[in-house]
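Here's the structure, in structure tokens; my notes come after.
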Amino acid sequence: MNLLGWLGRLCIGPLDYVIDFTVFFLRALAVWQPHRNIFNRAVYSAVLGQLIFTGVDAVAMISFLAVVMGIGVTSQLIYIMQAITGTGEITEILARLLLSELGPLITAVILIGRSCSAMAVDLGNTKVHGEIQSLEYLGIDVDDYFVVPRILSMAISQVVLALYFSIIMIICGVFFSAAIYHFSALKSLTELINTMSFNVLGVFFLKNIFFGLVIGAQACFHGLSVGVSPTQVPQEMQRAVMRSLLFVSLIDGYFILLSL
Amino acid sequence: MKLDDSAFIVATEAVPYSENTELTYQPFSCLIEPYGLLCLVGPHRSQLRDYLFMLAGIYPPKRGQVKIFDRDTHVDRECWRKMRTRIGYLSGIAPLLSSQHGLMNVMLPALYHQNKTFRETADRARQLLSELECDFDFLSFPATLNNFQRLQLGLARALMLDPALLVFDVPFHDLGAKQREIMASLLGKYRQKRTVCMIGGLQYPRFLEQHATQISFISEQKIICFNSWAAFINSEDEEVQGLISGQKNVE
Chain A
9 MNLLGWLGRL CIGPLDYVID FTVFFLRALA VWQPHRNIFN RAVYSAVLGQ
59 LIFTGVDAVA MISFLAVVMG IGVTSQLIYI MQAITGTGEI TEILARLLLS
109 ELGPLITAVI LIGRSCSAMA VDLGNTKVHG EIQSLEYLGI DVDDYFVVPR
159 ILSMAISQVV LALYFSIIMI ICGVFFSAAI YHFSALKSLT ELINTMSFNV
209 LGVFFLKNIF FGLVIGAQAC FHGLSVGVSP TQVPQEMQRA VMRSLLFVSL
259 IDGYFILLSL
Chain B
626 MKLDDSAFIV ATEAVPYSEN TELTYQPFSC LIEPYGLLCL VGPHRSQLRD
676 YLFMLAGIYP PKRGQVKIFD RDTHVDRECW RKMRTRIGYL SGIAPLLSSQ
726 HGLMNVMLPA LYHQNKTFRE TADRARQLLS ELECDFDFLS FPATLNNFQR
776 LQLGLARALM LDPALLVFDV PFHDLGAKQR EIMASLLGKY RQKRTVCMIG
826 GLQYPRFLEQ HATQISFISE QKIICFNSWA AFINSEDEEV QGLISGQKNV
876 E
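Below, the structure written as structure tokens:
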């Protein structure tokens with residue numbers, strides 16, 4: 009009986025979680041409902057604050073990692089591809105692997121580690137201390153003031169930072185490789201730009217928007233899942249991080265399947 | 626602020642929602658007139674808070690009816706949000722938003738509900754804080770302020786939308802004798818043109834003596850309503866006397 013119960017819980021648990029998270033996500037983004045009020049200066053200032061925290065403050069770290077990854081990964085990739093196939097194939101590899109995969113994924117991992125965890129802890133502590141409840145009593149909707157700005161800023165930051173990361177990584181890698189292996193960096197970059205079609209860019213933006221939405225929503229969902237005990241804050245933060253990574257992987261897998 | 630004849634709270638045989646299954650809740654009926662002050666007193670703080678939240682329209686009653694501003698509190702979320710703009714809430718225990726500085730905490734309800742500019746809202750908040758004799762830096766974060774200063778900010782936040790009804794949830798909590806006196810004078814100043822519903826009044830009985838128009842004693846067995854402080858302290862009910870003498874011992 010216990011084994012059956014355990015198996016049942018094992019099957020129902022993840023399904024329950026996905027339903028809860030989906031409902032939370034859709035409810036938070038249903039801003040057209042009459043009781044919602046997101047077009048006001050309180051929400052505007054929250055969005056700005058979150059954009060600065062999630063996007064602007066992360067630029068330095070993203071730049072550093074992009075340069076390091078560019079020199080380390082891109083140049084290695086160029087070297088291997090040159091040795092195997094020749095210059096012609098490099099641009100497609102750069103476009104497919106670095107721009108479509110590595111850039112968005114590394115940016116997502118950085119944002120999960122840096123901002124998702126911080127958001128979950130921030131919201132968790134705010135909830136534990138009863139700060140949210142007293143605002144609700146003044147008619148301020150939690151979704152409007154706490155959730156929407158975080159999800160929105162995470163999505164914007166993910167798109168912009170992934171683009172920035174990919175560009176810096178490719179430019180650094182190509183120029184570094186050009187200096188060592190003596191090929192035309194400008195030619196490679198021009199070819200790369202020429203391979204950029206509306207579809208490639210569309211998929212890139214769509215994928216990053218989904219990444220950002222899911223990371224932001226995960227942070228808020230777990231942050232607000234904290235009950236009355238402060239010990240739940242690190243637990244929920246951990247869940248937010250791990251499940252963000254899982255969801256990002258699943259979304260990435262889905263986009264890979266689409267592009268095959 | 627315009628306070629019309631409809632600015633009553635009317636409770637009819639109302640029983641609050643509660644997650645506390647250990648306490649028994651008696652049906653409560655009352656009528657609070659404009660500019661009246663109702664204080665709920667009794668042996669169980671959590672029980673009083675449930676009644677307060679019901680009368681403040683935060684939660685609709687489990688049974689019976691509560692009307693605020695002539696509207697039933699069983700309303701949809703849009704009406705609920707609009708209703709909240711006319712009801713200020715001050716809590717002595719619920720903290721301010723720690724991630725925002727004091728001025729922003731005060732401005733927040735107005736920025737959310739009203740379509741005024743940052744400058745206008747900040748000016749109004751600064752004016753309110755000056756009226757409340759706040760002598761600290763308005764840009765300080767709540768964590769760096771003492772309880773009294775945080776309560777001043779909380780009161781300013783509650784008053785920011787110029788509400789017709791004020792809800793005080795233990796406003797004298799964790800204050801020293803002198804600070805209670807100052808807080809009582811501030812609350813007294815702002816309640817003159819507003820209806821007030823509160824709990825925790827016995828922490829500074831002088832405030833009730835001066836301002837209470839109704840005092841309702843609520844326990845598990847009974848609810849007794851008094852129309853003045855004098856009637857309350859002269860009550861011959863054992864439980865009421867027990868509460869008063871217990872309070873004196875605490876003081």
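Here the protein sequences line up with chains A and B, keeping their order. If you count by this note's numbering, then the first sequence holds residues 9 to 268, one letter each, in order. If you count by this note's numbering, then the second sequence holds residues 626 to 876, one letter each, in order. The C-beta atom is built at its ideal place from N, Cα and C for all residues, glycine as well.
Residue state for Ile-693(B) is assigned as strand, using DSSP reduced to three classes. Counting only residues of its own chain and dropping the five nearest sequence neighbours on each side, Arg-696(B) has a CB closer than 8 Å to the CB of Cys-704 and Met-708. Nearest Cα to Thr-99(A) within the set Met-127(A), Ala-38(A), Thr-198(A) and Ile-118(A): Thr-198(A). Under the Cβ distance rule, Ser-125(A) does not count among the residues neighbouring chain B, no pair being separated by less than 8 Å.
In this structure Phe-173(A) touches Gly-111(A) by the C-beta definition: roughly 5 Å separates them, less than 8 Å.
Burial of Thr-62(A) is indicated by the presence of at least 16 other C-beta atoms within 10 angstroms of its C-beta. By the 16-neighbour rule on beta-carbons within 10 angstroms, Pro-238(A) is exposed.
A straight line joining the alpha-carbon of Leu-34(A) with that of Val-156(A) spans about 11 Å.
Between Glu-139(A) and Leu-722(B), the beta carbon gap of about 5 Å places them in contact (Cβ cut-off 8 Å). Per DSSP, the beta bridge partners of Arg-688(B) are Val-640(B). Pairing Ile-178(A) with Leu-106(A) gives a Cβ-Cβ distance under 8 Å.
Residues are counted here when their Cβ sits less than 9 Å from a Cβ of chain A; for the segment 675 to 709 of chain B these are Phe-678, Ala-681, Ile-683, Asp-701, Arg-702, Glu-703, Cys-704, Trp-705, Arg-706, Lys-707, Met-708 and Arg-709, given in chain order. At a cut-off of 8 Å between beta-carbon atoms, Ala-750(B) makes no contact with chain A. Counting along the chain, Gln-58(A) sits inside the alpha helix (DSSP H) bounded by residues 49 to 62. In summary, no residue of the segment 237 to 248 of chain A has a CB separated from any CB of chain B by less than 7 Å.
Excluding five sequence positions before and after Arg-831(B), the CB atoms of its chain that fall closer than 7 Å to its own CB belong to Ala-809, given in chain order. DSSP lists Cys-664(B) and Phe-793(B) as the bridge partner or partners of Met-823(B).
For Phe-763(B), not one C-beta of chain A is nearer than 8 Å to its own C-beta. Relative to the Cα of Leu-800(B), the nearest Cα in the group Leu-663(B), Gly-717(B) and Ala-636(B) belongs to Gly-717(B). No Cβ-Cβ contact shorter than 8 Å links Tyr-25(A) with Gln-90(A). Chain B has no Cβ within less than 8 Å of the Cβ of Arg-104(A). Taking the Cα positions, Ser-71(A) is about 46 Å away from Leu-715(B). Identification of chain A residues near Ser-724(B) by a Cβ-Cβ cut-off of 8 Å yields Asp-130 and Thr-134, ordered along the chain. Interface residue (Cβ-Cβ distance to chain A less than 8 Å): Ala-768(B) is not classified as such.
Taking Gly-713(B) as reference, the option from Leu-160(A), Ala-187(A) and Ile-148(A) with the minimal CA-CA separation is Ile-148(A).
Non-local beta-carbon contacts of Tyr-153(A) in its own chain, meaning distances under 8 Å to residues more than five positions away in sequence, involve Ala-50, Val-51, Ala-54 and Leu-143 in chain order.
Our two residues, Ile-683(B) and Tyr-145(A), have alpha carbons roughly 7 Å apart in a direct line.
Chain B places no beta carbon closer than 8 Å to that of Glu-109(A), leaving this residue out of the contacts.
Under a 10 Å Cβ-count criterion, Val-76(A) is classified as exposed, with fewer than 16 other Cβ atoms of the shown protein chains found around its own Cβ. Straight-line measurement puts the Cα of Cys-19(A) at about 11 Å from the Cα of Leu-12(A). The DSSP-derived three-state label of Gln-672(B) is helix.
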